[in-house]
Amino acid sequence: MYSAIWLPIVTPFRNGRVDVNALQHLADHYLTTEVSGFIALGTTGEAALLDHHERTTVLQALLEVVGTRLPVVVGVGGMNTGEMVRDVQQFDHRDIGGYLVPAPAYICPDQRGIQWHFEEIARATDRPIVLYDVPHRSGVAIAPDTAKRLVECSNIVAIKACVPQTFKAFSALPISVLCGTDEAFVDCLEAGGVGGILASAHLFADDFAEIQAIFSEGRTADARARFETLLPAIRLLFSAPNPSAVKAALSISGHIDGETRMPIAAASDALMERLRVMLASRVAEHGSLA
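The opening position of the sequence shown corresponds to residue 1 in UniProt numbering, with each subsequent residue numbered one higher.
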């Protein structure tokens, strides 16, 4: 279940409020692409900048459109493990596919504390847990030895891995490894990964799925060559704090308004122009966007 391409869907805003209609339109659009599931309330969804009511609104809006056609995994983050446990308990009655959970931010616990944190959350639910190893945001990494102990929890089933140096070590464990660093997607597949949770899948979902299919056929060089054609665009989408450029690209293509929530600033005029050129080139080459 936790493999292939997952979309950490953005949260559209209009005039400072969650744009439910735009979010549902967007989800309906991606149901026609090769994504295998959605991540609600992740980093790309600006979840840290949403209040509890807004998070509930976003999840309800997604579930109304997606239903059971694809799994919706809910991002749960923060500094306080107890508060994260309470969030899990509040979401647990919904028909969701599990939780994406990072180490507690800012606190910087040692590996014993990290293990305790995830075990507490795993005990709070029977639903699957996807570990999120994102040290550049949380301040601490999940060590492979810690992950090895954590997989003894029956509902810890996957890890979103953002540090390429650990892809191979995580892939040696009985856990599904999903790439969390878009430009390292093929590196992750080569190390034993089984897919990715990729913000740039907002534009390239079908491309990523095709690259993984080519890789699965044993055509590694072809997969890498195909992926390298996307790298300039992927890097452009991360040239501003995520999800500023992704939202801007979606606004240019008519899906949503490009509004972000401060302190995530909207894309600059210069970035907007570069995105327009990139998108026009893609349409000229492929006839459409993702």
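From the three backbone atoms N, C-alpha and C, an ideal C-beta is built for every residue, glycine too.
All values derive from a computational prediction rather than experimental measurement.
Enumerate in chain order the residues of its own chain whose CB-to-CB distance from Met-278 is below 7 Å, with the five nearest sequence positions on each side excluded. The residues are Ala-233, Leu-236.
Going by DSSP, name the residue or residues bridged to Trp-6. DSSP lists Gly-37, Ile-197 as partners of Trp-6.
Range covered by the beta strand (DSSP E) that runs through Tyr-132: Counting along the chain, the beta strand (DSSP E) containing Tyr-132 begins and ends at 129–133.
Taking all protein chains shown into account, do 16 or more other C-beta atoms lie within 10 angstroms of the C-beta of Leu-41, making it buried, or fewer, making it exposed? So Leu-41 ends up on the buried side.
Is the CB-CB distance between Phe-199 and Pro-8 below 7 Å? The question names Phe, yet the displayed sequence has Ala at residue 199. Contact: yes.
Quick one: grab the DSSP three-state call for Pro-241. In this structure, Pro-241 counts as coil in the three-state DSSP scheme.
Nearest by alpha-carbon distance to Asn-242: which of Arg-224, Ala-266, His-255, Ala-221 is it? Checking every option, the nearest Cα to that of Asn-242 belongs to Ala-266.
Distance between Tyr-2 and Pro-174 (C-alpha atoms, nearest Å): Pro-174 and Tyr-2: Cα-Cα distance of roughly 13 Å.
Look up Lys-160 in the DSSP assignment and give the residues it is bridged to. Beta-bridge partners of Lys-160 (DSSP): Tyr-132, Leu-178.
Between which residues of its own chain and Tyr-99 is the CB-CB distance below 8 Å, once the five residues before and five after are set aside? Same-chain partners within the cutoff: Val-73, Val-74, Gly-75, Val-76, Val-88, Phe-91, Ile-121, Thr-125, Arg-127, Pro-128, Ile-129, Val-130.
How long is the line joining the alpha carbons of Arg-261 and Asp-182, rounded to whole angstroms? It is roughly 23 Å from the alpha-carbon of Arg-261 to the alpha-carbon of Asp-182.
Own chain, CB closer than 7 Å to Gln-111, minus 5 neighbours either side, in chain order: Ala-143, Thr-146.
Helix, strand or coil, according to DSSP, for Arg-219 in the structure here? Three-state result, Arg-219: coil.
Where are the beta strand (DSSP E) runs, 3 residues long or more, that stay fully inside the stretch 51–79, in chain order? Taking only runs of at least 3 residues, the beta strand (DSSP E) segments lying wholly in the stretch 51–79 are 72–75.
Work out the CA separation of Val-157 and Tyr-132 for me, nearest whole Å. Roughly 11 Å separates the two Cα atoms.
Own chain partners of Thr-68 with C-beta closer than 7 Å, once the 5 adjacent residues on each side are dropped: Result list for Thr-68: Asp-95, in chain order.
DSSP-derived helix/strand/coil call for Val-18: Secondary structure of Val-18 (DSSP, three-state): strand.
On the three-state DSSP scale, how would you describe Ala-232? One point to set straight first is that residue 232 is Pro, not Ala, in the sequence displayed. DSSP, read as helix, strand or coil, puts Pro-232 in helix.
For Pro-102, which beta-bridge partners are listed by DSSP? Partner(s): Tyr-132.
For Thr-146, the first and last residue of its enclosing alpha helix (DSSP H): Counting along the chain, the alpha helix (DSSP H) containing Thr-146 begins and ends at 144–150.
Could you tell me whether the stretch 58–68 touches the stretch 5–22, where touching means 3 or more Cβ pairs closer than 8 Å? Verdict: yes, contact present.
Assess, as a yes-or-no matter, whether the stretch 216–235 is touched by the stretch 160–174 under the definition of 3 or more beta carbon pairs within less than 8 Å. Because the criterion of three Cβ pairs below 8 Å is not met, the stretch 160–174 and the stretch 216–235 do not touch.
Do you know offhand how far Arg-17's Cα is from Asp-269's? Their backbone Cα atoms lie some 23 Å apart in a straight line.
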